[in-house]
Structure formats: C-alpha cells, structure tokens
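K.L.:
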Amino acid sequence: MTYLLIGSGRVATHVKHYLSLKGIPLLEWNRKNHSIEDLREKTAQADTVLLAIKDGAIREFRDAHFKDFKGTVVHFSGSLSVEGIESFHPLMTFGPSLYDLDFYERIYFAAASKKRFKEIFPALSNPVFELMDKNKALYHALCVMSGNFPQILWQACLQKFEELNVPQEAVGLYLEKNLENFLAAPGKSLTGPLARGDTATIEKNIDALPARMAKLYQAFVKYFLDRNAKTLGEPTSHCFF
Ligand SMILES: NC(=O)c1ccc[n+]([C@@H]2O[C@H](COP(=O)([O-])OP(=O)(O)OC[C@H]3O[C@@H](n4cnc5c(N)ncnc54)[C@H](OP(=O)(O)O)[C@@H]3O)[C@@H](O)[C@H]2O)c1
C-alpha cells in the first residue's frame, strides 16, 4: 500500500506522525511546499490518497486532481459525504501537540464499513465503529457539542477564575474529577444547584455573572428544566428569566 498524504494542517501532521511511528512509508504533498507537477508524479506512484485538507476543499480538490485516479481516495471529515471518496473520521481532537503510538492506536474511527477500514489500513489496529451516511450530520454535531463546546465554556470560566486568583491547578483538578465521575456514571454524577433544585442559589449565580455568561447559564437552566419536564413529566419552571 503506497499512501499519498495531502495537506500540512493538524490532521495531516498527526497522520504523518502516526504512520511514521508504525513504520509505514508515506508520500506527501501540500500546496505550500510542492508543485502541481510533483502532485502528478506522486499520484502516479500511489494506491491510496489521504485528503487531510479542510472540508470545503475536499470535493473540489478530488475533482481537480483525482478524477481519473484508479486507487482509493479517503477523507477524514466527520460531517462530509462525497460520492467516490471513502470517509474515516477519527473521533479525536488533533491540536498542536503530537501523541504517542499507544494513544494513536486507541483512537476510534467512524467508518461506513469496518471491513473497508481494514482493507485500506491493513497495518492499523484501531477500533472502528460503523456510522451510516444519513447519521453523519447528527454524529458530527454531537462531536462538536461534546468536545468543543465545553472548551468554550472552560475558556470563559478560566478567565474569570484567574481574575479571582483561583489557581488553574485547582480548577483543573475540579474539572478532571467531574469528567471522571461523569464517565463512571453519566446519569448520576451531576452535583450543584441544578441537581439539587436550589432555585435561590441559581438566581444568585445568574446575578453574579457578566451579561453574556449569565445568558449562557440561563440557556443551560432552560435546557435542563425542559429536559427534566419531558423525562419526568413535571411542569417547566422558567422563574430564572
Ligand atoms: N483537527 C481535528 O481535531 C480533526 C479531527 C477529526 C477530523 N478532522 C478533519 O480533518 C481534515 C483536516 O482538518 P485539519 O484540522 O487538519 O485542518 P487544518 O489544520 O485547518 O488544515 C487544513 C489543510 O487543508 C489545506 N487546504 C485548505 N484548502 C486547500 C485547497 N483548496 N487545496 C489544497 N489544500 C488545502 C491547508 O493548506 P494551507 O495550509 O496551504 O492553507 C491545510 O494544510 C478535515 O476534513 C477535518 O474535518 C479534523
């Protein structure tokens, strides 16, 4: 299997590092450092093209350069479906820091077919789960909400904690234990005024926050009350707004 990796962004950098840790050779091309002539030469040597480029460019790039390619073209987007391109979405966040081999090998991939993942990456033993095309939009929205949204919330809170001279380590320990407890018992781990139904404290919290964060807090309270009303059949109270 000769892979040609396209791109030099976050995912391309991680894929390159992972495959090199596995001892899997790779041809590389990115538009910053290589010519179109170079792309043609490398394409002629490749069986599998890995398009690690931004979602909006994937279809156009395939149409421009791989229309007549006889091998397999792959992308890594969790939300995009393009006919003729196979999709393997690593359910992971890839930032500037590289990971070690043990961690890369534990990353799950979403794929239309587990068998196809094995055929295209025979040397990789990553766990794979099957995801139908029609479910990709919801799946990706869930990835964004569960992985990215908490970070947006943490950024806002950390900044305010810093203003109060609360050490980042103290916040880190608190967040770590919240995640650990949540993963151990997702339905039972919530604590705090929402879990207790402590209306007075919720109102004090909202009053203490800057306007935009207060709106976010209110949105969570509304979601929480509506969800519980639906699950438990209890009337929804919107007394906080
Ligand atoms: N980052 C993650 O955590 C993550 C996780 C799972 C899946 N993914 C998926 O992985 C893919 C790549 O994401 P990323 O986070 O690596 O993005 P990124 O860091 O923003 O890198 C995007 C790459 O695409 C290249 N590119 C953009 N437009 C192009 C074009 N028209 N022709 C050729 N190259 C072009 C960029 O080249 P220049 O530098 O020259 O602009 C850059 O190398 C996406 O499909 C994304 O959905 C990302």
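So the sequence shown is numbered by our numbering: it starts at 1191 and just counts up by one.
From the three backbone atoms N, C-alpha and C, an ideal C-beta is built for every residue, glycine too.
Would the segment 1272–1284 count as touching the segment 1298–1311 if we require 3 or more Cβ pairs under 8 Å?
P.N.:
yes
K.L.:
Taking I1342 as the reference, give the member of L1406, E1393, L1291 with the closest Cα.
P.N.:
L1406
K.L.:
Could you have a look at I1275 and say whether DSSP puts it in helix, strand or coil?
P.N.:
coil
K.L.:
In the DSSP assignment, what are the bridge partners of I1196?
P.N.:
In DSSP, I1196 forms a bridge with W1219, L1241.
K.L.:
Looking only at C-alpha atoms, which of G1362, S1303, H1204 sits nearest to M1477?
P.N.:
Since the displayed the chain opens at 1191 and closes at 1431, residue 1477 lies outside it and no answer follows.
K.L.:
Taking 6 Å as the limit between beta carbons, can you name the residues of its chain near L1373, skipping five residues before and five after?
P.N.:
none
K.L.:
What do you get for T1262, buried or exposed, if any count of 16 or more other CB atoms within 10 angstroms of its CB means buried?
P.N.:
buried
K.L.:
Mapping DSSP to helix, strand and coil, what is V1205?
P.N.:
helix
K.L.:
For H1330, which three-state DSSP category applies?
P.N.:
helix
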